[in-house]
Amino acid sequence: MLYDLRRADVRIKWLVTGLLATLGLSYLFGAVMVALYAGFTPRSVAATYAGPEMSMAMPPETTVVVQRPMSMADFAKREVHTVDAKLLIQDTHVHVPMYGLIAAALGVVVAGLSLPRRWALGLIALLFAAPWLDFAGMWLTKLASPRFAIVTLAGGWAMGVAFLIVATLAVHQMWLSRERD
Amino acid sequence: MNFLIRAAVIAALFHITPVVVLVKRPDAVQALLPGADAYVAREVHLSGTDAHRLHEAVDWSPEDGVLVFYAGSAGSTSVGALEFVRVDTPHGPIEVAVGFTPQGTVRGVVATKATVEMKPWVLEAVAAGLTDHYRGLKPGDAPAAAARIASRVGNLAEYVAQEVDKGVARALAAYGAFYNHVRA
Numbered sequence: 001m002l003y004d005l006r007r008a009d010v011r012i013k014w015l016v017t018g019l020l021a022t023l024g025l026s027y028l029f030g031a032v033m034v035a036l037y038a039g040f041t042p043r044s045v046a047a048t049y050a051g052p053e054m055s056m057a058m059p060p061e062t063t064v065v066v067q068r069p070m071s072m073a074d075f076a077k078r079e080v081h082t083v084d085a086k087l088l089i090q091d092t093h094v095h096v097p098m099y100g101l102i103a104a105a106l107g108v109v110v111a112g113l114s115l116p117r118r119w120a121l122g123l124i125a126l127l128f129a130a131p132w133l134d135f136a137g138m139w140l141t142k143l144a145s146p147r148f149a150i151v152t153l154a155g156g157w158a159m160g161v162a163f164l165i166v167a168t169l170a171v172h173q174m175w176l177s178r179e180r181d
Numbered sequence: 182m183n184f185l186i187r188a189a190v191i192a193a194l195f196h197i198t199p200v201v202v203l204v205k206r207p208d209a210v211q212a213l214l215p216g217a218d219a220y221v222a223r224e225v226h227l228s229g230t231d232a233h234r235l236h237e238a239v240d241w242s243p244e245d246g247v248l249v250f251y252a253g254s255a256g257s258t259s260v261g262a263l264e265f266v267r268v269d270t271p272h273g274p275i276e277v278a279v280g281f282t283p284q285g286t287v288r289g290v291v292a293t294k295a296t297v298e299m300k301p302w303v304l305e306a307v308a309a310g311l312t313d314h315y316r317g318l319k320p321g322d323a324p325a326a327a328a329r330i331a332s333r334v335g336n337l338a339e340y341v342a343q344e345v346d347k348g349v350a351r352a353l354a355a356y357g358a359f360y361n362h363v364r365a
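Quick mapping for you: the protein sequence lines, in order, are chains A and B. FYI, the numbering for the first sequence is 1 to 181, going by our numbering. FYI, the numbering for the second sequence is 182 to 365, going by our numbering.
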């Protein structure tokens, strides 16, 4: 194969290494952001995306008022970060293209790895499937059932695992393998 | 390749950053309902007709069709009420707290949340006196504080001020139509 990262020009290896390091940094902070805003458990993800909309009743026939006493402590309670349908539309619109570009960039790296064709195809499929799972989980959690939060978690972990596999193989083949130039 | 780079730049530019708290809710409550020692949350569950009426008036529907007002009192004396209103923008949501006097005029406005990206724009607008221009407004008035500070701030601060104007307009419309006119 003409494109083989093991035997690529050092400038290409350096470029790929820079790309992986940069994406790795963003993935690391992405994980921190998830921890801060949505959490890593199905319950916390469901609370973020399902929100009160899951139990939303039809509008009442006439406008009704419900009153309850509040204390200052109630105002200070930690608010659960929620993403409603409008915000999720916006998030999907801006995140999915970026995820696609990242999957494409990592897919180009995979194409230059010395791997059996099936493994390479599987890895590229995983790179693209992860964001699909991520957002499918968010929408299903919102529209169908909070139980689908597990799909979002699976998508997030798949993204991290796929990146780690690609980064490890690429660094090994470019800089450590005996067969490299 | 050129397309990919352009698409990445566009995606990065429009990437929504997380929401940060500018003023904690208890601090906003104390500022907008000064002296209050008891609070009541008044949840107004809008009928389809009323929700439509509000939407026609200010192009907005509250989350889940429920308006939440917080009334404060000191002993048996009403101190006023406040609302937290969210405005969704292409740069993410911002939240403003709008406080009302017992007479129904705006006592004050506090920007409580914004995205990391918008935070400096909000702070610039507030430093230019944005929220001072809402005091005394009453339901039916059109907030135009953004125009009042336009000559003293940059374009982005003016933009975010227009979004705060929207939030205040929503609060005024909701308060005017539903705070005192629906019985518990």
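C-beta: ideal position from N, C-alpha, C; glycine also. In this text, all values refer to a predicted model and were calculated from it rather than measured experimentally.
Query                                                                                                                                                                                       : Result
To the nearest angstrom, how far is the alpha carbon of Ala103 of chain A from that of Leu127 of chain A?                                                                                   : 5 Å
Leu115 of chain A to Ala31 of chain A, Cα distance in whole Å?                                                                                                                              : 28 Å
Specify whether the region 19-33 of chain A and the region 166-174 of chain A touch according to this definition: at least 3 beta carbon pairs, one from each stretch, less than 8 Å apart. : yes
By the criterion of Cβ-Cβ separation under 8 Å, what are the contact partners of Val366 of chain B in chain A?                                                                              : A query on residue 366 of chain B cannot be resolved here, the shown segment of chain B reaching from 182 to 365 and no further.
Quick one: using the 10 Å Cβ neighbour count with 16 as the cut-off for buried, is Gln284 of chain B buried or exposed?                                                                     : exposed
In angstroms, rounded to a whole number, what distance separates the CA positions of Lys13 of chain A and Ala111 of chain A?                                                                : 14 Å
If the cut is a Cβ gap below 7 Å, which residues of chain B does Asp84 of chain A touch?                                                                                                    : Glu244
Whose C-beta lies closer than 6 Å to the C-beta of Asp218 of chain B among residues of the same chain, with five residues either side of it excluded?                                       : Ala255
Go to Phe359 of chain B, then tell me how far its alpha helix (DSSP H) extends in each direction, as first and last residue.                                                                : 336-359
Please state the DSSP three-state secondary structure of Arg117 of chain A.                                                                                                                 : helix
Below 8 Å, can you find three or more Cβ-Cβ pairs linking the region 210-230 of chain B to the region 57-70 of chain A?                                                                     : yes
From Asp74 of chain A to Gly155 of chain A, what distance separates their C-alpha atoms?                                                                                                    : 35 Å
Drop a sphere of 10 angstroms on the beta-carbon of Leu311 of chain B, count the other beta-carbons inside from all chains shown, and report buried for 16 or more, exposed for fewer.      : buried
Can you list, in chain order, the residues of its chain whose CB lies under 6 Å from that of Gly348 of chain B, leaving out five sequence neighbours each side?                             : Val266, Val268, Val277
What separation, rounded to the nearest whole angstrom, lies between the Cα atoms of Leu227 of chain B and Ala38 of chain A?                                                                : 29 Å
Give the C-beta separation of Ser259 of chain B and Ala252 of chain B to the nearest angstrom, bearing in mind that I take them to be a contact with Cβ-Cβ under 8 Å.                       : 7 Å
Looking only at its own chain, which residues have a Cβ that is under 8 Å from the Cβ of Val109 of chain A, when we skip the five neighbours before and after it?                           : Leu5, Val16, Leu19, Leu20, Val166, Ala170
Is the shortest distance between the beta-carbon of His81 of chain A and the beta-carbons of chain B less than 9 Å?                                                                         : yes
Count Cβ pairs between the region 80-100 of chain A and the region 116-125 of chain A that sit closer than 8 Å; are there 3 or more?                                                        : no
Give me whichever residues DSSP pairs with Ile275 of chain B in a beta bridge.                                                                                                              : B:Val268
Taking the alpha helix (DSSP H) that Gln90 of chain A belongs to, which residues open and close that run?                                                                                   : 85-111
Taking a contact to mean a Cβ-Cβ separation below 9 Å, would you say Ala149 of chain A touches Val10 of chain A in this structure?                                                          : no
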